[in-house]
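Enquirer: Structure below; questions to follow.
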Amino acid sequence: MSPTLTPMEHSALQIVRRLTDKGFQALYAGGYVRDRLLGRGTHGDIDIATSATPEQVSRVFPHVVGVGEHFGVMIVVWDGTPFEVATFRADVGSTDGRHPDSVSFTDARTDAQRRDFTINGMFFDPISEEVLDYVGGREDLSAGIIRAIGEPLLRFGEDYLRLLRAVRFSARFGFPIEPATWSALVAARDGIAQVSQERVFQELDKMLVGAHPDAAIRQLHESGLLALVLPEVEAMVGVEQPAQFHPEGDVFEHTIKALALIEEVDRVIAWSVLLHDIGKPRTQQMSDRIRFNNHQRVGANMSARVLTRLHAPNALIDAVYACVDNHMNFINVQQMKLSTLKKFLARPTFHAELVVHKADCQSSHGDISNYDYLQAKAREMPVDQIKPAPLVGGKDLIALGLTPGPRFGQILSAAYDLQLEEKLTTHEEAVEWVRENHLVGEESRSENREAENPTDPTMPV
15 MSPTLTPMEH SALQIVRRLT DKGFQALYAG GYVRDRLLGR GTHGDIDIAT
65 SATPEQVSRV FPHVVGVGEH FGVMIVVWDG TPFEVATFRA DVGSTDGRHP
115 DSVSFTDART DAQRRDFTIN GMFFDPISEE VLDYVGGRED LSAGIIRAIG
165 EPLLRFGEDY LRLLRAVRFS ARFGFPIEPA TWSALVAARD GIAQVSQERV
215 FQELDKMLVG AHPDAAIRQL HESGLLALVL PEVEAMVGVE QPAQFHPEGD
265 VFEHTIKALA LIEEVDRVIA WSVLLHDIGK PRTQQMSDRI RFNNHQRVGA
315 NMSARVLTRL HAPNALIDAV YACVDNHMNF INVQQMKLST LKKFLARPTF
365 HAELVVHKAD CQSSHGDISN YDYLQAKARE MPVDQIKPAP LVGGKDLIAL
415 GLTPGPRFGQ ILSAAYDLQL EEKLTTHEEA VEWVRENHLV GEESRSENRE
465 AENPTDPTMP V
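In the numbering used here, the protein residues as written are 15 to 475.
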């Protein structure tokens, strides 16, 4: 393997060589070519386009999976890595706005015309190391422009997911969308309703964990797409906030600014920042000032419904719910009891919540003292001090003569709080605390039960 090639590139090259050895043309296509020319790294998948038909691909390679033979798409497995190998094709019609009605196999030049944007429509020959550009992709890449190939309305009408892809690429690379392409995007925006929620989620997810999620959400708003795919976020536009806490402006502007300040590429953090204030439009009240009472709980429930509608993974839904629901509790951290603080630090989503809190503060009043306080506390206390194993358990209570029941949970919870407060430090101390504070009452209840139900000495036992 060449020292300049990654394992994936080496495997892809072997597939291309095998096809060319059999007399077929084979080229890298799409995003790999774009990213290679940009010099920003080529860590994604490598898609291969070829003149070989699906049947011919199946005869050339021993490990092939047909995933879309009708559209000319096969999966070739090489050294355990799957590669999409697609026959050069022309698409005919698109009744559903998602898939071509039919395809005809063709050549590379014609195949390039069916692709979405010029910067994604180039090919690369890894053997000759030549770029084949039939759509002006290199020129637009150099100019920094997102331009649809051919007639923009036709390209969007073939697959309305391209509406979101245009925004994603624009935000990712910091390229403006070319005026005719933008006009077509706005005109075709209602077509997004024909795209499945799963595919919409995938594009939104990539926007949020990619570069410049703030730019992506703003473009969705300006195009009218945001109101169609995330109406709950669109509803934040124009919702005023108290200026003394939010000099940045309304809830939408606050959210956009917070997205720009995210310090980690993490989907839980990104979705939580986007949705942390979606409860504000529904809870806005005017009293002594603008207030949003309980907006965190309202927002948490709304975020769960939004992500469920988008068919997001359950783990993401649960984590975002927790982050949104808890984001206002940071106000009180410096006044918390030690036991409460330790429970706060032990939350499974604590790290994500902390990053969300910092972005929330930096995008409004700018005070991150609670963030700094928690960072210091997290460094001071090791994990076994923040979340230690309980000193006393149910078996200990039974051994003391206590009867299992609802009180067990109350006793154990109280004992654990004292342990977190460092008022109980050993097993013996914890057992003695239970004995002194809970055993006497239990003994009295036991005596009362015996008095009410005395044992008859004449009855067999």
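All residues carry an ideal CB built from backbone N, CA and C; glycine is no exception.
Throw me the rounded Cβ distance for the Thr132 and Gly158 pair, which I believe falls under 8 Å.
Expert: Looking up residue 132 in the sequence shown gives position 118. Looking up residue 158 in the sequence shown gives position 144. The Cβ separation is near 12 Å, so there is no contact.
Enquirer: Taking C-beta to C-beta, are Ala373 and Val287 nearer than 8 Å?
Expert: Reading the sequence shown from its first residue, position 359 is the one you call residue 373. Reading the sequence shown from its first residue, position 273 is the one you call residue 287. Yes, these two residues count as a Cβ contact at 8 Å.
Enquirer: Please give the ranges of any beta strand (DSSP E) in the region 100 to 180, keeping only runs that are unbroken, at least 3 residues long and fully inside the region.
Expert: Entirely contained in the region 100 to 180, the beta strand (DSSP E) runs reaching 3 residues are, in chain order, 103 to 106, 116 to 119, 137 to 139, 144 to 146.
Enquirer: I need the DSSP call for Glu23, collapsed to helix, strand or coil.
Expert: Position 9 of the sequence shown, counted from the first residue, corresponds to residue 23. Here Glu23 sits in helix by DSSP.
Enquirer: Return helix, strand or coil for Glu69, following the three-state DSSP convention.
Expert: The sequence position of residue 69 within the sequence shown is 55, counting from 1. The answer is helix: DSSP assigns Glu69 an H, G or I state.
Enquirer: Taking Cβ to Cβ, would you say Phe119 is nearer than 8 Å to Val47?
Expert: Taking the sequence shown and counting its residues from 1, one reaches residue 119 at position 105. Taking the sequence shown and counting its residues from 1, one reaches residue 47 at position 33. Against a cut-off of 8 Å, the Cβ pair of Val47 and Phe119 comes out as no contact.
Enquirer: Rounded to whole angstroms, what is the Cα-Cα separation between Ala63 and Phe187?
Expert: The count along the sequence shown starts at 1 and reaches residue 63 at position 49. The count along the sequence shown starts at 1 and reaches residue 187 at position 173. Approximately 25 Å between the Cα atoms of the pair.
Enquirer: Any idea what DSSP makes of Thr64, helix, strand or coil?
Expert: In the sequence shown, residue 64 corresponds to position 50, counting from 1. In this structure, Thr64 counts as strand in the three-state DSSP scheme.
Enquirer: In this structure, does DSSP put Arg50 in helix, strand or coil?
Expert: By 1-based counting over the sequence shown, the position of residue 50 is 36. DSSP places Arg50 in helix when its eight states are reduced to three.
Enquirer: Nearest to Ala194 by alpha carbon, out of Gln216, Val90, Gly164, Glu217?
Expert: Taking the sequence shown and counting its residues from 1, the one referred to as residue 194 is at position 180. Nearest option by C-alpha distance: Gly164.
Enquirer: Report the start-end ranges of each alpha helix (DSSP H) in the region 372 to 410 that is 4 residues or longer and not cut off at the edges.
Expert: Here the runs fully enclosed are 383 to 394, 397 to 400.
Enquirer: Anyone know if the C-beta pair for Ile89 and Phe97 falls short of 8 Å?
Expert: Here the question's residue 89 lines up with position 75 in the sequence shown. Here the question's residue 97 lines up with position 83 in the sequence shown. The answer is yes: Cβ separation under 8 Å.
Enquirer: Among Pro227, Gln28, Ile345, which residue has its Cα nearest to the Cα of Val181?
Expert: Translated into positions along the sequence shown, residue 181 becomes position 167. Of the listed residues, the one whose Cα sits closest to Val181 is Pro227.
Enquirer: Which whole-angstrom value is the C-beta distance of Val209 and Leu175, which I expect to be below 8 Å?
Expert: By 1-based counting over the sequence shown, the position of residue 209 is 195. By 1-based counting over the sequence shown, the position of residue 175 is 161. About 5 Å; that satisfies the 8 Å criterion.
Enquirer: Report buried or exposed for Thr18, applying the criterion of at least 16 other Cβ atoms within 10 angstroms of its Cβ.
Expert: Residue mapping note: residue 18 aligns to position 4 of the sequence shown, counting from 1. Classification of Thr18: exposed, given that the 10 Å Cβ count is below 16.
Enquirer: Grouping DSSP H, G and I as helix and E and B as strand, with all else coil, what is Pro471?
Expert: For this step, residue 471 is matched to residue 457 along the sequence shown. For Pro471, the pLDDT reaches just 39, beneath the cut-off of 50, and the residue's location in the model is therefore unreliable, although a value from the coordinates is still provided. The answer is coil: DSSP assigns Pro471 none of H, G, I, E or B.
Enquirer: Tell me, please, which residues DSSP counts as bridged to Ala43.
Expert: Counting from 1 along the sequence shown, the entry for residue 43 is found at position 29. Asp61, Phe137.
Enquirer: For the putative contact between Gly224 and Ala185, defined by C-beta atoms under 8 Å, what is the C-beta separation to the nearest angstrom?
Expert: By 1-based counting over the sequence shown, the position of residue 224 is 210. By 1-based counting over the sequence shown, the position of residue 185 is 171. That pair is a contact at about 7 Å.
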